[in-house]
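*Asks:* Before I ask anything, here is the structure I am working with.
2 protein chains.
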Amino acid sequence: MAEDLRDKLGAQHLPLRDQVLAALRTAIIDGNYLPGERLTEDRLAEDFGVSRNPVREALRVAEAEGFVLILPRRGAVVASPSSGTIADMFAVRERLETLAARLAAERATAADVAALRALLDQGREATQRQDLARVAELNSMLHLRILQISGNPWLSSIAKSLYLHVQWVFRLGAAERAPHSWAEHIQLVDAIESGDGDRAERAALAHLDAASAAAHENAEGGYGVTP
Amino acid sequence: MAEDLRDKLGAQHLPLRDQVLAALRTAIIDGNYLPGERLTEDRLAEDFGVSRNPVREALRVAEAEGFVLILPRRGAVVASPSSGTIADMFAVRERLETLAARLAAERATAADVAALRALLDQGREATQRQDLARVAELNSMLHLRILQISGNPWLSSIAKSLYLHVQWVFRLGAAERAPHSWAEHIQLVDAIESGDGDRAERAALAHLDAASAAAHENAEGGYGVTP
DNA sequence: AGATTGTTCTTCGTATACACTTCGTCCGGA
DNA sequence: TCCGGACGAAGTGTATACGAAGAACAATCT
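What follows is the structure in structure tokens.
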């Protein structure tokens, strides 16, 4: 695994710290590093085939993003998203993504709507193919695209970060929300296309409520490492 | 119990990187480092009397927080908040701080309300003394306290970060919003004490609208360094 | 003038060293 | 057996040095 990562990292030309950060994030989200697991600098440095410095810098950012917890003089551990914080996350998302939907409705160009529709089509197709990984990916892309269309960089970056955490919690549970409800997505895109901000907000809210319910069911299963 | 003590003792030691980060943040917010200004690692290390490593780690976090912009292989510059982003920031704040107000109203204990009232009193007093710096400080403390009372860590940390940026933009302009409208604050605290979430949201919204209007007036003056 | 070539400044990453904490283990004594 | 403390290992926090690569800028040449 160390070899794999090193090869991938070496191929690109971004600063190592960013590559390490990206790799660390996905490793945590994918469950390769489990909540509560200790992350010593030496070990990460070896896993990623780099020295301690880039690892340290990546860890600081990962801490700021909420993926790891750093205890002074004791090192970093993978953060433990508790089911309590799931509710908190959705409470915030509800406020932010409804705003994003409204802004997107007010500002979307024809090209924007076309791009969203293309994602919907691909999603429907992937669902028929039972390609769940692809469905999840398209789901993310749709949400991120809407955030981008909203045109508010603060909103976009904050909601994006929250969204990553939601995904994390989902994956730690069992499966993904299997049959991603594209019906809700379609309604959302329809609303955005209509330019009706209120309607877009309502659609986003409905979608979030459904997702929230699913997340809670998922959480019931528990993910083992809870403090 | 023994564990608590040990944790606290260990945590007492503030890593240099955290001190540097705090110093850097306030230096930027206070305008000691102006937007667009170049921040070389050596210079910061010398300014703060530390080696480059803590500086680098602080810079990465400052970038994640949006205070500096890091261009690969070219170093860090102080970010440049444009007047366009002011509106964006307030749009997000409107959603988040109203939520905070609602949650605070629903969850505040008597002690919480007492603490808020104490801040109000001090604020009134400082206003009479014309101690504007203290008024601004108390204003911040009130807002942060409400966020804390909301009990939603995500909400709290996100809104806190936004709030810092708002302050930054304010200070870059001219004065602070001179006679901080404590009337609005009082209504907000009253609403929180009443436990009426809707009312608290309305009060927060009114306050934010006023603040937003003030910010825009302030922005009209321009802050010189805009790209 | 415009293009090319150096020179210099900086960042980026590596490596090393060392003080100091924390943690775990082991050992002796009650 | 259980407790308490000594002791050593592990790991972080910080400093420092060094080489490589890139960017900015000046000097040089056509």
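Chains as they are written, first to last, in our numbering: chain A, 1 to 227; chain B, 1001 to 1227.
Where is the CB? At the ideal position from N, CA and C, for every residue including glycine.
Every value quoted in this text rests on a predicted model; they were computed, and no experiment measured them.
Do you know offhand how far Glu1063(B)'s Cα is from Ile1070(B)'s?
*Replies:* One C-alpha to the other measures close to 7 Å.
*Asks:* Between the C-alpha atoms of Leu1044(B) and Leu1016(B), what's the straight-line distance to the nearest angstrom?
*Replies:* Approximately 13 Å, taken between the alpha carbons.
*Asks:* Report all residues from its chain with a CB closer than 8 Å to the CB of Leu188(A); omit the five preceding and five following residues, and keep chain order.
*Replies:* Closer than 8 Å at Cβ, skipping near neighbours: Ala101, Ile146, Ala200, Ala203, Ala204, His207.
*Asks:* Helix, strand or coil for Val1169(B)? Go by DSSP, reduced to three states.
*Replies:* Three-state result, Val1169(B): helix.
*Asks:* Can you tell me whether Gly66(A) is buried or exposed? The criterion is at least 16 other CB atoms within 10 Å of its CB, across all chains shown.
*Replies:* The residue is buried, with at least 16 neighbouring Cβ atoms inside 10 Å.
*Asks:* Would you please state the rounded distance, in angstroms, between the beta carbons of Val1113(B) and Ile1192(B)? I believe it to be under 8 Å.
*Replies:* The pair is a contact, with the Cβ atoms about 7 Å apart (cut-off 8 Å).
*Asks:* In chain B, which residues lie less than 7 Å from Val61(A) when you measure between Cβ atoms?
*Replies:* The contacting residues are Arg1060, Val1061, Ala1064.
*Asks:* At least one CB of chain B closer than 7 Å to the CB of Glu57(A): is that the case?
*Replies:* Answer yes: the Cβ-Cβ gap between Glu57(A) and chain B drops below 7 Å somewhere.
*Asks:* Chain B beta carbons: is any one of them nearer than 7 Å to that of Ile158(A)?
*Replies:* Yes, contact with chain B.
*Asks:* Using the Cβ count rule (16 or more neighbours within 10 Å means buried), how would you classify Glu57(A)?
*Replies:* Burial call: buried.
*Asks:* Do you know offhand how far Ala105(A)'s Cα is from Leu96(A)'s?
*Replies:* So the alpha carbons of these two residues sit roughly 14 Å apart.
*Asks:* If you follow the beta strand (DSSP E) that Gly123(A) is in, where does it begin and where does it stop?
*Replies:* Here Gly123(A) belongs to no beta strand (DSSP E); instead the alpha helix (DSSP H) covers 110 to 128.
*Asks:* Specify, as a first and last residue, the run of the beta strand (DSSP E) that Val77(A) falls within.
*Replies:* That run of the beta strand (DSSP E) goes 75 to 78.
*Asks:* So Ile158(A) packs on Arg107(A), CB below 8 Å; how close in whole Å?
*Replies:* About 18 Å; that fails the 8 Å criterion.
*Asks:* In terms of residue numbering, what span does the alpha helix (DSSP H) encompassing Val20(A) cover?
*Replies:* Its alpha helix (DSSP H) spans residues 16 to 29.
*Asks:* By DSSP, does Val1050(B) sit in helix, in strand, or in coil?
*Replies:* In the structure shown, Val1050(B) sits in coil (DSSP, three-state: anything other than H, G, I, E or B).
*Asks:* Just curious, the beta strand (DSSP E) that Leu71(A) is in, first and last residue?
*Replies:* 68 to 71 is the extent of the beta strand (DSSP E) around Leu71(A).
*Asks:* Is the CB-CB distance between Ser212(A) and Phe90(A) below 7 Å?
*Replies:* Cβ atoms of Ser212(A) and Phe90(A): closer than 7 Å.
*Asks:* Consult DSSP for Leu34(A) and reduce its assignment to one of helix, strand or coil.
*Replies:* Correct three-state label for Leu34(A): coil.
*Asks:* Quick one: list the residues of chain A neighbouring Arg1107(B), beta-carbon separation under 8 Å, in chain order.
*Replies:* Going along chain A, no residue has its Cβ under 8 Å from Arg1107(B), so there is no contact; the nearest lies around 12 Å.
*Asks:* For Leu142(A) and Ser181(A), what's the separation of their Cα atoms in angstroms?
*Replies:* Roughly 13 Å separates the two Cα atoms.
*Asks:* Counting only beta-carbon separations shorter than 7 Å, does His1013(B) have a partner in chain A?
*Replies:* At least one chain A Cβ lies under 7 Å of His1013(B).
*Asks:* So, are the CB atoms of Arg52(A) and Val77(A) less than 7 Å apart?
*Replies:* No.
*Asks:* Is it buried or exposed for His1165(B), if we count other Cβ within 10 angstroms and need 16 for buried?
*Replies:* Buried, because 16 or more other Cβ atoms sit within 10 Å of the Cβ of His1165(B).
*Asks:* In chain order, what residues of the same chain lie with their CB nearer than 6 Å to the CB of Trp1168(B), ignoring the 5 residues before and after it?
*Replies:* The residues are Ile1029.
*Asks:* Does the beta carbon of Pro72(A) sit closer than 7 Å to a beta carbon anywhere in chain B?
*Replies:* Yes, its Cβ sits closer than 7 Å to a Cβ of chain B.
*Asks:* Comparing alpha-carbon positions, which option in Gly1036(B), His1013(B), Arg1025(B) lies nearest Tyr1163(B)?
*Replies:* Here the closest residue by C-alpha is Arg1025(B).
*Asks:* Figure out for me which residue from Ala1115(B), Ala1210(B), Val1092(B), Leu1172(B) has the closest Cα to the Cα of Pro1081(B).
*Replies:* Minimum Cα distance to Pro1081(B) is reached at Leu1172(B).
*Asks:* Confirm, please, whether the CB-CB distance from Leu144(A) to Gln122(A) is below 7 Å.
*Replies:* No, the Cβ-Cβ distance between Gln122(A) and Leu144(A) is not below 7 Å.
*Asks:* Confirm, please, whether the CB-CB distance from Val1061(B) to Arg74(A) is below 7 Å.
*Replies:* Contact flag unset, no.
*Asks:* Just to check my reading of the structure: Asp88(A) and Asn1152(B) have Cβ atoms closer than 8 Å, yes? What is that Cβ distance to the nearest angstrom?
*Replies:* 4 Å between Cβ atoms; contact.
*Asks:* Would you please verify whether the beta carbon of Ala1213(B) is less than 7 Å from any beta carbon of chain A?
*Replies:* Closer than 7 Å: no.
*Asks:* Any idea if Gln128(A) is buried or exposed, counting beta-carbon neighbours within 10 angstroms, 16 or more meaning buried?
*Replies:* It counts as exposed.
*Asks:* Starting from the C-beta of Ala1126(B), find all residues in its chain whose C-beta is less than 7 Å away, skip the five residues before and the five after it, and write them out in chain order.
*Replies:* Excluding sequence neighbours, Ala1126(B) sits near Arg1134, Val1135, Leu1138.
*Asks:* On the CB-based measure, 16 or more other CB atoms within 10 Å of its CB, does Thr226(A) come out buried or exposed?
*Replies:* Reliability fails at Thr226(A), whose pLDDT of 38 lies under 50, so the model's placement of it is uncertain and no value is given.
*Asks:* Are there 16 or more other CB atoms within 10 angstroms of the CB of Pro1035(B), so buried, or fewer, so exposed?
*Replies:* Pro1035(B) comes out buried.
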